[in-house]
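**Student:**
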Amino acid sequence: MEAAMPEQLTRHPEVTIQVLRSAGASCGEGAPQAILKACPRERFCKLPGGEICVYGLDGAQAMTQFTAADWQSLAPLARGRADVAAAAGWEGTTAAVFIAGLAAGALAAAALARWRRSRGRG
Numbered sequence: 152m153e154a155a156m157p158e159q160l161t162r163h164p165e166v167t168i169q170v171l172r173s174a175g176a177s178c179g180e181g182a183p184q185a186i187l188k189a190c191p192r193e194r195f196c197k198l199p200g201g202e203i204c205v206y207g208l209d210g211a212q213a214m215t216q217f218t219a220a221d222w223q224s225l226a227p228l229a230r231g232r233a234d235v236a237a238a239a240g241w242e243g244t245t246a247a248v249f250i251a252g253l254a255a256g257a258l259a260a261a262a263l264a265r266w267r268r269s270r271g272r273g
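Take any residue in the sequence shown, note its place counting from 1, add 151, and you have its number in the numbering used here.
1) Take R172 as the anchor and find which of A155, A189, A226, R194 has the nearest alpha-carbon.
2) When you compare the CB positions of G207 and P157, do they come within less than 7 Å of one another, or not?
3) Could you tell me whether the Cβ atoms of A174 and K197 are closer together than 7 Å?
4) For L160, collect the residues of the same chain with a Cβ closer than 7 Å to its Cβ; drop the 5 residues on either side in sequence, then sort them by chain order.
5) G181 by DSSP, collapsed to three states: which one?
6) With a threshold of 16 other CB atoms inside 10 Å of the CB of T245, please say whether the residue is buried or exposed.
7) Distance check for P227 and A189, CA to CA, integer angstroms please.
8) When DSSP builds the beta bridges, which residues end up paired with L253?
9) Since G179 and R192 are thought to touch, with beta carbons under 8 Å apart, how far apart are those beta carbons, to the nearest angstrom?
Okay, here's the thing in structure tokens:
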């Protein structure tokens with residue numbers, strides 16, 4: 152059985168590769184790819200303990216270790232975060248409308264009081 156080596160997905164692939172290099176990895180230098188043969192050369196890193204392929208978000212579709220079911224299992228997490236963000240947005244909007252309503256009510260009350268006073272003096 153062939154050993155499994157990881158594909159990594161990150162928002163910052165260049166930083167990840169830089170960190171791996173600082174730990175002694177040979178990255179993007181044409182090292183032989185014994186296991187991760189489909190990894191783009193510039194994203195491939197070889198360490199004494201194995202290989203790693205670092206993908207950015209723009210290269211996620213090229214990853215070979217994730218199945219369609221794996222990606223679909225992540226969708227609820229993304230939806231959950233979007234729902235939380237949307238709820239937070241509505242809470243902020245609700246608070247702003249409430250404060251605006253209070254301010255409008257205070258202005259209307261002041262205008263009404265002024266109008267009543269001016270009618271009483273006339």
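Don't be surprised by glycine CBs; every beta carbon is placed ideally from N, CA and C.
**Tutor:** The relevant details are as follows:
1) The residue you call residue 172 lines up with position 21 of the sequence shown. The candidate whose alpha carbon is nearest that of R172 is R194.
2) Locating residue 207 in the sequence shown gives position 56, counting from the first residue. Locating residue 157 in the sequence shown gives position 6, counting from the first residue. G207 is not a Cβ neighbour of P157, given a cutoff of 7 Å.
3) The residue you call residue 174 lines up with position 23 of the sequence shown. The residue you call residue 197 lines up with position 46 of the sequence shown. No, the pair does not count as a contact, with Cβ atoms beyond the cut-off.
4) For the purposes of this step, residue 160 is identified with residue 9 of the sequence shown, where counting begins at 1. Scanning its chain for C-beta atoms nearer than 7 Å, with the 5 sequence neighbours on each side dropped, one finds around L160 the residues Y206, A211, M214, in chain order.
5) As a first step, residue 181 must be located in the sequence shown, where it is residue number 30. In the three-state DSSP reduction, G181 falls in the coil class, being neither helix nor strand.
6) As a position in the sequence shown, residue 245 is number 94, starting the count at 1. Exposed, since its Cβ has fewer than 16 Cβ neighbours within 10 Å.
7) Sequence index remark: in the sequence shown, residue 189 carries index 38 (1-based). Sequence index remark: in the sequence shown, residue 227 carries index 76 (1-based). Distance between the alpha carbons of A189 and P227 is about 29 Å.
8) Looking up residue 253 in the sequence shown gives position 102. In DSSP, L253 forms no bridge with anything.
9) Residue mapping note: residue 179 aligns to position 28 of the sequence shown, counting from 1. Residue mapping note: residue 192 aligns to position 41 of the sequence shown, counting from 1. Sure, about 6 Å apart at Cβ, within 8 Å.
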